[in-house]
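Trainee: Using UniProt numbering, you'd call the opening residue of the sequence shown number 1 and step up by one each time. For each residue, glycine too, the CB sits at the ideal point set by N, CA and C. Note that the structure is a prediction, hence the values are computed from the model and not measured.
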Amino acid sequence: MIRKATEIDIQKIMEIISVTIKEMKTYNNTQWDESYPQAINFSKDIDAGDLYVDELNDEIRGFVCINCIEPAEYDHIDWQSLEKAMIVHRMAVNPNFRNQGVGLSLLKFSEELALENGVSYLKTDTYSINDKMNSLFKKFGFQLAGEMEFLGKEKPFYCYDKVISKK
1 MIRKATEIDI
11 QKIMEIISVT
21 IKEMKTYNNT
31 QWDESYPQAI
41 NFSKDIDAGD
51 LYVDELNDEI
61 RGFVCINCIE
71 PAEYDHIDWQ
81 SLEKAMIVHR
91 MAVNPNFRNQ
101 GVGLSLLKFS
111 EELALENGVS
121 YLKTDTYSIN
131 DKMNSLFKKF
141 GFQLAGEMEF
151 LGKEKPFYCY
161 DKVISKK
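Here you go:
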């Protein structure tokens, strides 16, 4: 079940972040590290009503932040549309639930939430060497829109978008 996150979820989310960062380091992916993301980022997402968790039997299988806040760096990307978009941020799947469709489920939820809010366009980004997220976005039908320098990282981030329609 996907639901809005609460402050009680932050500890479990940070445990997922910790394991994810360790895994990322094994393939030199520095997208996330000890300085980002932090609990305060998720607390702000919760306060804004933008953070969602996929929960099963009291275990968080994954989470995603969805809102309309675009990083300034998005201004230089050649997007498919100039329409208002919802942005997929800070998404991760608990390693104990990988390869079970959780990531696709969170993206499908993002799409449905956008449509419920009268928005038919999604944007997102991920580090260019984050093969798992790049693959997931492509699998879900996102199109590569461009690259950007972000967070002072050595390599570029890939930006993706998807025009969605009611089915």
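Per DSSP, what are the beta-bridge partners of Q92 in this structure?
Mentor: The residue you asked about is not Gln; residue 92 is Ala in the sequence shown. DSSP, once it has assigned bridges, lists F63 as partnering A92.
Trainee: Using three-state DSSP, classify Q11 as helix, strand or coil.
Mentor: It is helical.
Trainee: Rounded to a whole number of angstroms, what is the C-alpha to C-alpha distance between C159 and I13?
Mentor: Each residue's Cα considered, the two are about 24 Å apart.
Trainee: What is the C-beta distance between T126 and N134, in whole angstroms, given that I count them as a contact (C-beta under 8 Å)?
Mentor: That belief holds up - the Cβ atoms of T126 and N134 are roughly 6 Å apart, short of 8 Å.
Trainee: Could you work out which residue in V102, P156, K153, K84 is closest to V163 when comparing CA atoms only?
Mentor: Among V102, P156, K153, K84, the Cα nearest to that of V163 belongs to K84.
Trainee: In whole angstroms, what separates the C-alpha of D78 from that of L144?
Mentor: Cα to Cα, the separation comes out at about 10 Å.
Trainee: When you compare only the Cα positions, how much space is there between R3 and C65?
Mentor: Using only the alpha carbons, I get a separation of about 12 Å.
Trainee: Is the beta carbon of V93 sitting closer than 8 Å to the one on G103?
Mentor: Contact flag set, yes.
Trainee: The beta strand (DSSP E) spanning L51 covers which residue range?
Mentor: From DSSP, the beta strand (DSSP E) with L51 extends over 51-56.
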